[in-house]
Amino acid sequence: MKGIHGLILAIGLGIVGALFNFAYLASKSSKEEFIGFVGIRTNLQQGERLRADAIEEVLIPARVAASLKNYAVLWSAR
20 MKGIHGLILA IGLGIVGALF NFAYLASKSS KEEFIGFVGI RTNLQQGERL RADAIEEVLI
80 PARVAASLKN YAVLWSAR
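In case it helps, this note's numbering puts the sequence shown at residues 20 to 97.
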């Protein structure tokens, strides 16, 4: 398969692979458990008072945030 036929086949297989990869990752991430931590908005200026509307929940997968619970403030504890 040379020329345009090989190129079309390679592009088609690449698209099919990308779709299967996306479907797999979407199904895998929907079943994952998340932990909420307190985050501060990025547009907060230096010297500005920290108000309730300046904080937001940051969701992190529980499997990677196990030790983070000891150092960061949980969203449920705010």
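A virtual CB, placed ideally from N, CA and C, is assigned to each residue, including glycine.
Computed from a prediction, not measured in an experiment: that's the story for all the values here.
Nearest to residue i by CA position, among the options, is which residue?
{"i": "Leu69", "options": "Leu28, Pro80, Arg97 and Ile34", "result": "Arg97"}
{"i": "Arg82", "options": "Glu51, Gly33, Glu67 and Gly58", "result": "Glu51"}
{"i": "Ser95", "options": "Gln65, Phe56, Gln64 and Ala73", "result": "Phe56"}
For the beta strand (DSSP E) that residue i lies in, which residues bound it at each end?
{"i": "Val57", "result": "Phe53 to Ile59"}
Could you tell me whether any Cβ in chain B is nearer than 7 Å to the Cβ of residue i?
{"i": "Arg70", "result": "Of the protein chains in this structure there is only one, and it is not chain B."}
Looking only at its chain, what residues have a beta carbon closer than 8 Å to the beta carbon of residue i, apart from the 5 residues adjacent to it on each side?
{"i": "Lys88", "result": "Ile54"}
On the DSSP bridge assignment, give the partners of residue i in chain order.
{"i": "Val77", "result": "Phe56"}
{"i": "Leu93", "result": "Phe56"}
Sorted by chain position, which residues of the same chain lie with C-beta nearer than 7 Å to residue i's C-beta, five sequence neighbours on each side aside?
{"i": "Ala84", "result": "Ile54"}
Taking the continuous alpha helix (DSSP H) assigned at residue i, which residues delimit it?
{"i": "Leu38", "result": "Ile23 to Ser49"}
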